[in-house]
Amino acid sequence: MRCLACAGVTLLLLTLVSCSSSTGPDGIEESTYPEISGLVVYYEFDGDLENEVSDSHDGTANRELAYVADRHGSASAALYVNTSDEVVVPDHPDLDITGGITLAAWVRPEASDRAYAAVIDKKYSEAYSFGMYGGIADPDTVGLTSYIGSGGDWSPDIVPMGTGTWSHIAYTFEDSTGKGRFYLNGSVADSSTRAVTLAVTDEDLRIGGAYLSDDYKGSIDQVAVFNRALTPVEIGQLFAFN
Ligand SMILES: [Ca+2]
């Protein structure tokens with residue numbers, strides 16, 4: 341009996357140690373984000389603005405935001421951001437990222453004619469920013485774009501993507517090569533080299549808007565910021581994660 345009890349306890353402990361999951365708003369166990377090194381913040385938006393990586397860097401909203409169905413149809417599992425809504429994460433050294441960076445999210449953007457609609461922004465004229473250009477003639481299409489560095493360097497490439505549907509977007513940049521890559525649904529959509537390096541700012545991190553408006557409109561889920569440029573394989577893992 342003693343051995344059976346020990347085995348049971350051991351099994352329970354092993355289960356607790358090996359099971360990297362969390363409980364969602366509906367009480368259903370959910371697996372955690374892929375364990376890829378360099379993850380600084382990660383927002384699941386399952387009814388709250390909590391950073392899932394640590395006890396720091398939770399977001400706050402400038403007004404009460406709506407939670408909507410995520411891409412799987414789970415209720416209240418993604419954030420809806422209207423124009424003039426935004427999530428603010430207070431400035432912190434963890435968010436002063438240099439050397440390399442990855443910005444990633446699932447988005448369901450609405451049509452936009454804005455010159456810029458920021459999804460993730462750390463003062464685009466000083467540090468880093470990733471979002472959408474709305475100046476494409478087709479009203480149902482927006483273009484992924486990014487800003488890097490202290491000069492507000494704007495991406496030379498605009499990557500078209502559809503509106504009204506969920507897409508996984510990511511941008512990676514590394515100082516040593518100046519190489520920037522846009523990913524759409526897990527695959528490299530465009531890459532280019534920029535004569536800039538990442539820089540820091542005292543401005544807060546924002547999701548769904550930039551420090552001077554430039555508001556995104558639509559749904560957002562699974563926002564992640566890494567302090568290094570992920571590889572194509574790793575971006576594929578983010579895309580494959582449910
Ligand atoms: Ca979610």
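Start counting the sequence shown at 341; every next residue gets the next number (our numbering). Every residue gets a Cβ at the ideal spot worked out from N, C-alpha and C, and that includes glycine.
Once you ignore the five residues that flank Ser416 on each side, which residues in its own chain have a CB closer than 8 Å to its CB? Pro365, Asp386, Gly387, Tyr407, Val408 and Ala409
With DSSP as the reference, identify every bridge partner of Ser527, one or two as the case may be. When DSSP reads this structure, Ser527 sits in a beta bridge with Leu524.
Which stretch, first to last residue, makes up the alpha helix (DSSP H) that contains Leu578? Pro572 to Ala580
Output the distance between the C-alpha atoms of Asn567 and Gly439, rounded to the nearest integer angstrom. 8 Å
Measure the C-alpha to C-alpha separation of Val540 and Ala529 and round it to an integer number of angstroms. 27 Å
Can you tell me whether Pro449 is buried or exposed, with buried defined as 16 or more other CB within 10 angstroms of its CB? buried
Put Leu443 into one of helix, strand or coil per three-state DSSP. strand
For Leu484, count the other beta carbons within 10 Å of its own beta carbon; 16 or more makes it buried, fewer makes it exposed. Which is it? Result: buried.
Let me know if Gly491 comes out buried or exposed under the rule of 16 or more other beta-carbons within 10 Å of its beta-carbon. Here Gly491 is exposed: its Cβ has fewer than 16 other Cβ atoms, across all protein chains shown, within 10 Å.
Within its chain, find whatever has a CB closer than 7 Å to the CB of Leu423; leave out the 5 residues flanking it on each side and keep chain order. Just to set this straight, residue 423 is Thr in the shown sequence, not Leu. Excluding residues within five positions, the ones whose Cβ falls inside 7 Å are Asp555 and Lys557.
Under a three-way DSSP split, which group does Leu435 fall into? helix
Answer yes or no: do Ser532 and Val447 have a C-beta to C-beta separation smaller than 8 Å? no
Could you tell me whether the Cβ atoms of Asp561 and Leu379 are closer together than 8 Å? no
Locate the beta strand (DSSP E) running through Ser507, then write down its first and last residues. Ser507 to Glu514
Does DSSP put Thr372 in a helix, in a strand, or in coil? coil
Looking at ligand 1, does it come within less than 7 Å of Ala417, judged from the CB to the closest heavy atom? For ligand 1, a non-hydrogen atom lies closer than 7 Å to the CB of Ala417.
Going by DSSP, name the residue or residues bridged to Thr593. This structure leaves residue 593 out entirely; the chain is present only between 341 and 582.
Have a look at Ser396 and Ala569 and give me their C-alpha separation to the nearest angstrom. 22 Å
What span of residues does the beta strand (DSSP E) with Thr517 cover, start to end? Counting along the chain, Thr517 falls outside any beta strand (DSSP E), and DSSP gives it neither H nor E.
Would you kindly check if the distance between the Cβ of Ala444 and the Cβ of Ile509 is under 8 Å? yes
Using the C-alpha atoms, what's the distance from Lys462 back to Asp398? 15 Å
Exposed or buried, Val421, counting other C-beta atoms within 10 Å across all chains shown (16 or more means buried)? buried
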